[in-house]
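This report concerns only the one structure given below.
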Amino acid sequence: MIHSKNTNPNEALEVGFRASDHARKSNGAYSAPGSVSHVKPAPVGRPPKPKPAKDTRQIGKEKATLVMLVRNSELKDALGSMKQIEDRFNRHYQYPWTFLNDEPFTEGFKNHTTRMASGTTEYGLIPKEQWSMPDWISEDKFQKVISKMSKENVIYGDSRTYRHMCRYNSGFFFRDKLLAKYDWYWRVEPSIGFYCDMTYDPFTFMRENKKRYSFVISLPEYLPTIETLWKTTQEFAKLHPEHIARNNSLGFIATDPDKGIQETDYNLCHFWSNFEIADLNFWRGEAYQKYFEFLDKKGGFYYERWGDAPVHSIAAALFLPRDQIHFFGDVGYKHVPWGRCPLDDESHDTARCMCPFDRKESFDYNQWSCQNKWNKFCGFPENPIYE
Ligand SMILES: Nc1nc2c(ncn2[C@@H]2O[C@H](COP(=O)(O)OP(=O)(O)OP(=O)(O)O)[C@@H](O)[C@H]2O)c(=O)[nH]1
Ligand SMILES: [Mg+2]
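Numbering (UniProt numbering), first residue to last: 1 to 387.
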């Protein structure tokens with residue numbers, strides 16, 4: 001056993017884990033740095049200084065939060081997502097995390113996620129009326145729908161809670177009282193992959209560049225889940241032409257980009273909403289509030305299985321000018337089953353990207369990706385071709 005003669009705790013640091021042996025008492029409690037114990041505890045390889053209390057004060061300058069709707073049972077997958085976002089971005093900015101759930105979070109969930117967060121954490125319980133079928137939905141009709149969708153193998157077609165989740169993400173999360181103090185959110189889901197450093201503050205980027213909605217992956221929705229969503233949207237647009245933005249992105253979501261809303265069909269392209277960095281005030285604004293209410297009354301969240309992704313996307317495409325929608329091409333991201341890696345060299349050079357697949361295999365190149373439609377629509381160059 002090495003007995004360090006050092007009484008200066010800073011010098012003791014240099015002795016490595018053996019020095020830290022001395023800093024532990026036999027009962028496992030920490031003693032003051034530099035003090036000596038003659039009982040040898042298990043080596044932990046930790047320097048002898050007591051850990052300072054965690055400073056969770058926000059460093060980033062925006063009124064923003066990372067937000068995760070999640071079940072207690074998804075703790076491990078939630079921590080996996082958090083660790084990557086913290087390591088690659090948030091530990092430098094310490095934005096708060098907001099967790100939302102239709103059931104009370106367990107103490108274990110709160111402890112583990114708080115430990116993983118660099119900033120503060122808050123935990124919200126979703127009010128029952130925001131996570132249940134509204135009274136204008138017929139249970140009988142709903143039962144018929146789910147048995148039909150189940151027979152047709154529509155993904156989540158027989159799930160009641162999945163529909164609650166889609167309706168909640170479409171119409172309620174941004175009204176939660178925990179989010180009232182924020183202007184911006186970054187939606188994070190359990191089990192995602194986040195493969196590059198975020199070397200700047202995306203909330204500040206959004207604000208300074210007058211962006212209000214953003215995405216990383218876009219793809220077509222599965223038609224059987226949204227049979228009447230476009231027709232309903234056309235009805236809304238007829239009633240409220242004042243909410244349709246000039247220079248909107250109809251050209252991205254239309255089967256006939258040269259026609260108007262009433263003349264074209266929907267090509268099913270949508271921004272994949274499991275990643276979103278966006279302006280909460282867009283959802284809180286009159287256009288979207290009225291749109292959601294209109295959709296909700298039609299019952300398609302339950303009689304079909306309208307997803308929050310096509311609902312958000314159609315709204316962003318029609319109610320925002322196109323230059324307020326941002327594609328984060330420098331983000332490496334995966335939500336099963338699709339992932340993408342930045343296609344340009346600069347992102348890889350500056351942001352330590354480490355994607356578990358080659359950029360050539362990015363979803364951007366997949367026949368189902370809507371990315372090239374977006375690029376074309378915005379006048380961006382087509383995706384680069386690699387040898
Ligand atoms: N609290 C709570 N969160 C849920 C529930 N269902 C889904 N979520 C969360 O809502 C988000 C979307 O749900 P997912 O199950 O990931 O839906 P998805 O992304 O369309 O489909 P997969 O990821 O392929 O299963 C995730 O953050 C889930 O953790 C639920 O019943 N309760
Ligand atoms: Mg998911």
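All residues carry an ideal CB built from backbone N, CA and C; glycine is no exception.
By DSSP's assignment, I277 forms a beta bridge with W186. A distance filter of 6 angstroms between CB atoms and the heavy atoms of ligand 2 selects the following residues in sequence order: E189, N274 and H335.
Distances from the CA of E62 to each of E382, D358, W272 and P202 were compared; the closest alpha carbon is that of P202.
Note that the region 216-231 touches the region 362-379; at least 3 beta-carbon pairs, one per stretch, sit closer than 8 angstroms. In the structure shown, R91 adopts helical secondary structure according to DSSP, grouped into three states. Distances from the alpha-carbon of M133 to those of V39, S150 and R160 put R160 closest. Taken atom to atom, the span from the alpha-carbon of F275 to that of K40 is near 49 angstroms. Rounded to whole angstroms, the separation of the alpha carbons of I385 and K360 is 8 angstroms. Short note on R71: C-beta closer than 7 angstroms to some heavy atom of ligand 1.
With a cutoff of 7 angstroms, D102 counts as near ligand 1, since its C-beta is closer than that to a heavy atom of the ligand. In this structure, E74 has its CB closer than 7 angstroms to one or more heavy atoms of ligand 1. Within 7 angstroms of the C-beta of Y162 there is at least one heavy atom belonging to ligand 1. For W338, the enclosing beta strand (DSSP E) stretches over residues W338 to R340. Here the alpha carbon of T233 sits roughly 15 angstroms from the alpha carbon of C269. Between the region 41-51 and the region 152-159, the count of C-beta pairs closer than 8 angstroms stays below three; the two stretches do not touch.
Short note on M165: C-beta closer than 7 angstroms to some heavy atom of ligand 1. Burial is judged here by how many other beta carbons sit within 10 angstroms of a residue's own beta carbon; L239 has fewer than 16 and is exposed. A distance criterion of 7 angstroms places the beta-carbon of M68 in contact range of ligand 1, judged by its closest non-hydrogen atom.
Our two residues, T225 and T204, have alpha carbons roughly 36 angstroms apart in a direct line. For S73, DSSP assigns no beta-bridge partner whatsoever.
Under the Cβ criterion (8 angstroms, minimum of three pairs), the region 332-345 does not count as touching the region 284-299.
Distance from the CA of K259 to the CA of P241, rounded to the nearest whole angstrom, comes to 16 angstroms. Closest option to G193, judged by alpha-carbon separation, among G379, W374, P356 and L318: P356. In the DSSP assignment, Y168 is bridged to no other residue.
Looking at the DSSP output, E122 sits in a beta bridge with T98. In the pairwise beta carbon analysis, the region 305-314 is classified as not touching the region 178-192: fewer than three pairs are separated by under 8 angstroms.
Note that the C-beta distance between G119 and Y95 is below 8 angstroms.
Non-local beta-carbon contacts of L320 in its own chain, meaning distances under 8 angstroms to residues more than five positions away in sequence, involve R212, Y213, A245, N248, S249 and F282 in chain order.
In this structure the region 99-115 does not touch the region 137-151; the number of beta carbon pairs closer than 8 angstroms is below three. One alpha carbon belongs to L125, the other to G300, and they sit about 25 angstroms apart.
Comparing alpha carbon positions, the residue from S138, E74 and V67 closest to W184 is V67. When the five nearest sequence neighbours on each side are left out, the beta carbons in the same chain lying within less than 8 angstroms of the beta carbon of T113 are those of L75, A78, L79, M82, W97, F99 and T121, in order along the chain. Rounded to whole angstroms, E346 and Y195 show a C-alpha spacing of 14 angstroms. One Cα belongs to D308, the other to P52, and the distance between them is close to 42 angstroms. Residue pairing for A64: DSSP places it in a beta bridge opposite W184.
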